[in-house]
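S.K.: Protein sequence lines, in the order shown, are assigned to chains A and B.
Residue numbering for the first sequence follows the UniProt record's numbering, starting at 1 and increasing by one per position.
Residue numbering for the second sequence follows the UniProt record's numbering, starting at 1 and increasing by one per position.
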Amino acid sequence: MAVEAAEAKIAPVSGTGKVDGGGFIQAVTSRLVIAVPYFWLLLFFLVPFFIVVKISLSQTAIAIPPYTPVFTASDGPSGWWANVREFSFDNYLWLTQDALYFNAYVTSVIIAAISTVLTLLVGYPIAYGMARAPQSLRPVLLMLVILPFWTSFLIRVYAWIGILKPEGLLNQLLLSIGLFSQPLVILNTYTAIFIGIVYSYLPFMVLPLYASLEKMDNSLIEAAQDLGCTPTAAFWKITFPLSLPGVVAGALLVFIPAVGEFVIPDLLGGSQTLMIGRTLWSEFFANRDWPVSSAVAVILLIILVAPIMYFQRAQAQAQEAGR
Amino acid sequence: MNRWSRFNIISVTLGFAFLYLPIVILIVFSFNESRLVTVWGGFSTKWYGTLLSNQGLMDAVWVTARVGVISATIATVLGTMAALALTRWTRFRGRLLFSGMVFAPLVMPEVITGLSLLLLFVSLGFDRGITTVTLAHITFTMCYVAVVVQSRLVSFDRSLEEAAMDLGATPTRTFFAITLPLILPAVVAGWMLAFTLSLDDLVIASFTSGPGATTLPMKIYSQVRLGVTPEINAICTILIGIVSLGVLTASVVNKCREVQRRRDEQAAMRA
Chain A
1 MAVEAAEAKI APVSGTGKVD GGGFIQAVTS RLVIAVPYFW LLLFFLVPFF
51 IVVKISLSQT AIAIPPYTPV FTASDGPSGW WANVREFSFD NYLWLTQDAL
101 YFNAYVTSVI IAAISTVLTL LVGYPIAYGM ARAPQSLRPV LLMLVILPFW
151 TSFLIRVYAW IGILKPEGLL NQLLLSIGLF SQPLVILNTY TAIFIGIVYS
201 YLPFMVLPLY ASLEKMDNSL IEAAQDLGCT PTAAFWKITF PLSLPGVVAG
251 ALLVFIPAVG EFVIPDLLGG SQTLMIGRTL WSEFFANRDW PVSSAVAVIL
301 LIILVAPIMY FQRAQAQAQE AGR
Chain B
1 MNRWSRFNII SVTLGFAFLY LPIVILIVFS FNESRLVTVW GGFSTKWYGT
51 LLSNQGLMDA VWVTARVGVI SATIATVLGT MAALALTRWT RFRGRLLFSG
101 MVFAPLVMPE VITGLSLLLL FVSLGFDRGI TTVTLAHITF TMCYVAVVVQ
151 SRLVSFDRSL EEAAMDLGAT PTRTFFAITL PLILPAVVAG WMLAFTLSLD
201 DLVIASFTSG PGATTLPMKI YSQVRLGVTP EINAICTILI GIVSLGVLTA
251 SVVNKCREVQ RRRDEQAAMR A
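(1) Where does the unbroken alpha helix (DSSP H) through A252 of chain B begin, and where does it stop?
(2) Kindly identify the DSSP beta-bridge partner or partners of F39 of chain A.
(3) Any chance you could list the alpha helix (DSSP H) runs of at least 4 consecutive residues sitting entirely within the stretch 54-94 of chain B, in chain order?
(4) Output the residue ranges of the beta strand (DSSP E) runs that lie fully inside the stretch 122-203 of chain A and measure 3 residues or longer, sorted by chain position.
(5) Where does Q59 of chain A sit, in a helix, a strand or coil, going by DSSP?
(6) Nearest by alpha-carbon distance to A234 of chain B: which of A:S30, A:G123, A:Y158 is it?
(7) Return the CA-CA distance between D143 of chain A and S251 of chain B, expressed in angstroms with no decimal places.
(8) Once DSSP output is grouped into helix, strand and coil, what is the label at F50 of chain A?
(9) When you compare only the Cα positions, how much space is there between D264 of chain B and A83 of chain B?
(10) At least one CB of chain A closer than 8 Å to the CB of M1 of chain B: is that the case?
(11) If distances are taken between C-alpha atoms only, which option among A:L274, A:I308, A:V305 comes closest to F102 of chain A?
(12) Decide if S198 of chain B is buried, meaning its Cβ has at least 16 other Cβ atoms within 10 Å, or exposed.
(13) For chain B, is any of its Cβ atoms less than 8 Å away from the one on F284 of chain A?
(14) Could you pull the start and end residues of the alpha helix (DSSP H) that A163 of chain B belongs to?
(15) Contact criterion: CB-CB distance below 8 Å. Does A159 of chain A meet it with respect to chain B?
(16) Can the beta-carbon of V203 of chain B be found less than 8 Å from the beta-carbon of F262 of chain A?
(17) May I have the straight-line CA-CA distance separating R261 of chain B from I183 of chain B, to the nearest angstrom?
(18) By alpha-carbon positions, which one of A:L43, A:T239, A:A286 ends up nearest to S212 of chain A?
(19) Rounded to whole angstroms, what is the Cα-Cα separation between residue 332 of chain A and P22 of chain B?
(20) Decide yes or no for the touch test of the stretch 185-199 of chain B against the stretch 100-118 of chain B: beta carbon pairs closer than 8 Å, at least 3 of them.
(21) For T208 of chain B versus R128 of chain B, is the C-beta spacing smaller than 8 Å?
(22) When DSSP labels each residue in this structure, what does A17 of chain B get in the three-state scheme?
(23) Work out the CA separation of S293 of chain A and I303 of chain A for me, nearest whole Å.
(24) Compare the beta carbon distance of I51 of chain A and S116 of chain B with 8 Å and say whether it is the shorter of the two.
(25) Go ahead and pull the three-state DSSP assignment for T72 of chain A.
(26) Start and end of the alpha helix (DSSP H) containing E222 of chain A?
(27) So Y190 of chain A packs on G260 of chain A, CB below 8 Å; how close in whole Å?
(28) Closer than 9 Å by beta-carbon distance: list the chain A residues that pair up with residue 274 of chain B, in chain order.
(29) By the three-class DSSP mapping on this structure, what secondary structure does T83 of chain A have?
(30) What span of residues does the alpha helix (DSSP H) with W191 of chain B cover, start to end?
(31) Going straight from the alpha carbon of G68 of chain B to that of R313 of chain A, what length do you get?
(32) Per DSSP, which one or two residues make a beta bridge with N32 of chain B?
(33) Counting only C-beta atoms, is Y128 of chain A closer than 8 Å to chain B at any point?
(34) At 7 Å on the CB atoms, spell out the chain B contacts of R45 of chain A, in chain order.
(35) Please state whether the Cβ-Cβ distance between S56 of chain A and V298 of chain A is less than 8 Å.
(36) According to DSSP, what are the bridge partners of Y67 of chain A?
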């Protein structure tokens with residue numbers, strides 16, 4: 001394949017991969033190292049997507065499992081063919097007929113995009129400050145950014161309910177200092193979702209930004225300033241462009257999962273807000289409509305395929321560069 | 001330019017306040033005497049006592065712990081293999097697809113992963129329960145392990161391995177005698193990451209679990225929907241405590257090992 005050949009040209013072939021002199025057992029072992037995780041991911045990651053596509057073309061049925069047709073080994077090829085002919089695009093048609101789904105997709109993408117920008121605005125000064133911190137302090141700061149990532153997502157979202165609700169701590173504070181006379185309604189609005197996403201995904205933004213800002217060569221900025229650049233101009237002409245790989249990586253790490261986010265809209269957004277992750281969840285758990293929720297998932301995946309591919313390319317390039 | 005300006009200090013301080021204040025508030029209110037989570041009614045540890053007598057919760061803790069340990073262990077083995085495959089073999093058939101399958105689960109929305117795995121299990125005729133949750137958790141956590149271990153393997157001095165091989169060690173022996181001890185911190189970190197991800201996961205577990213296999217996040221979620229209570233704050237505080245302790249211990253141990261290694265290297269230089 002052309003792509004593989006090109007890849008092989010860029011990267012030198014490593015030593016242990018060669019089977020010379022290792023003998024038969026070594027050859028088998030080295031094959032296994034690749035084959036075992038490979039087949040695991042094929043079976044549990046790739047194959048399931050084809051099943052989702054298949055079921056999105058099926059009909060809902062009151063049965064176990066709740067869809068038809070069901071393929072069984074005993075049907076034989078002719079039975080399978082009959083099943084395949086039962087497939088239809090009705091579920092996708094249904095998604096286009098009900099404006100709810102279209103609105104949910106659009107809202108999800110917009111919310112994710114705005115949240116990504118907000119996370120970048122909040123995360124950039126933090127990452128920048130960390131990268132400028134004294135060398136001895138940096139590992140501690142890094143540790144402090146990573147630590148919330150280890151604590152449960154659910155817990156961190158839950159923590160905000162007590163802060164944002166009408167009689168919650170934020171309103172108590174605002175009322176007591178006399179800033180407002182009425183409690184603000186934040187919980188169960190889109191504002192709460194923005195806060196939740198920015199808060200939960202902040203480490204994903206700060207870490208790649210910090211990585212790209214930290215290894216930046218300071219002499220470039222000094223040179224720019226020596227040549228008469230103001231600090232602001234130097235930032236926009238040098239620092240920011242050089243940190244772009246970090247910006248891109250961070251933005252993708254926030255945007256892609258945020259589009260399909262379920263926990264944050266469900267706990268902080270309330271029943272009024274519309275996001276596709278929640279729609280899929282309620283189609284599946286409340287309506288028990290597996291084919292329609294599969295169709296929702298397929299469309300969501302189609303929306304996300306371009307950013308995911310872009311993310312993978314960026315990852316692969318970073319990996320080649322780090323070699 | 002190198003100095004830490006006031007702007008930088010303020011932005012870092014505010015950033016960390018934003019990151020930590022909600023968690024601190026949550027912990028503080030788990031010790032609240034009052035049943036209202038937002039009004040302070042005096043110090044009390046009574047909510048921790050009521051947790052222990054909550055049988056449903058304790059069952060969920062047990063399920064979660066079993067799923068976490070088993071899935072993290074298998075995910076660490078598979079993830080380390082995947083990382084080795086990606087860094088050591090730069091050309092094999094389908095490498096592009098393989099690296100795609102390793103990186104994609106990191107950003108894949110959980111509802112998609114959960115739904116697709118559930119449909120796989122139903123198609124295969126698996127009974128939903130602890131086994132299916134464990135298989136699902138292995139699949140998405142092994143990719144995180146692979147990324148962590150891979151970053152260590154990339155910055156790895158290959159000459160030690162080459163020396164071992166020149167001295168006649170087989171690749172397998174070289175791996176266990178040289179490579180594994182050197183990448184062990186990353187492998188341990190990978191295991192811990194896999195374990196905490198499994199411990200935290202709500203969405204994928206909800207899709208793939210069946211009756212009798214309610215995990216702790218599922219239990220917390222069903223209670224959170226009914227409202228904020230001090231009991232949930234208490235169980236969350238315990239979870240945060242366990243995870244933070246684990247992470248901090250691991251980083252201190254790592255630090256000590258590094259200091260020791262440096263001392264050894266210096267001693268070797270002098271000798």
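Even glycine gets a Cβ: it sits at the ideal position worked out from N, Cα and C.
M.R.: This is what the structure gives:
(1) Note that residue 252 of chain B is Val in the sequence shown, not Ala. Taken as a continuous stretch (DSSP letters only), the alpha helix (DSSP H) holding V252 of chain B covers 230-270.
(2) The partner list for F39 of chain A (beta bridge, DSSP) is empty, contrary to what the question assumes.
(3) 55-88
(4) none
(5) strand
(6) Answer by Cα proximity: A:Y158.
(7) For the sequence presented, residue 143 of chain A should be read as Met rather than Asp. About 9 Å.
(8) helix
(9) 29 Å
(10) Confidence at M1 of chain B is low in this model, with a pLDDT of 44, below 50, so its placement is unreliable and no value can be given for it.
(11) Considering only alpha carbons, the answer is A:L274.
(12) Its Cβ being crowded by 16 or more others within 10 Å, S198 of chain B is buried.
(13) The beta carbon of F284 of chain A sits closer than 8 Å to some beta carbon of chain B.
(14) 158-166
(15) yes
(16) Yes, they are a contact pair.
(17) 14 Å
(18) A:T239
(19) Outside the displayed span of chain A (1 to 323) sits residue 332 of chain A, for which this structure offers no information.
(20) Not touching, per the Cβ criterion.
(21) yes
(22) It is helical.
(23) For the pair I303 of chain A and S293 of chain A, the Cα-to-Cα distance works out to about 15 Å.
(24) yes
(25) coil
(26) Its alpha helix (DSSP H) spans residues 218-226.
(27) Their Cβ separation, rounded to whole angstroms, is 17 Å, which puts Y190 of chain A and G260 of chain A out of contact at 8 Å.
(28) There is simply no residue 274 of chain B to check, as chain B begins at 1 and stops at 271 in what is shown.
(29) Residue identity differs from the one stated: residue 83 of chain A is Asn in this sequence, not Thr. Helix, per DSSP.
(30) 180-200
(31) 31 Å
(32) In the DSSP output, where bridge partners are listed per residue, N32 of chain B has B:F43.
(33) yes
(34) Note on identity: in this sequence residue 45 of chain A is Phe, with Arg being the wrong assignment. Within chain B, the residues near F45 of chain A are M101, P105, T139.
(35) yes
(36) A:T60
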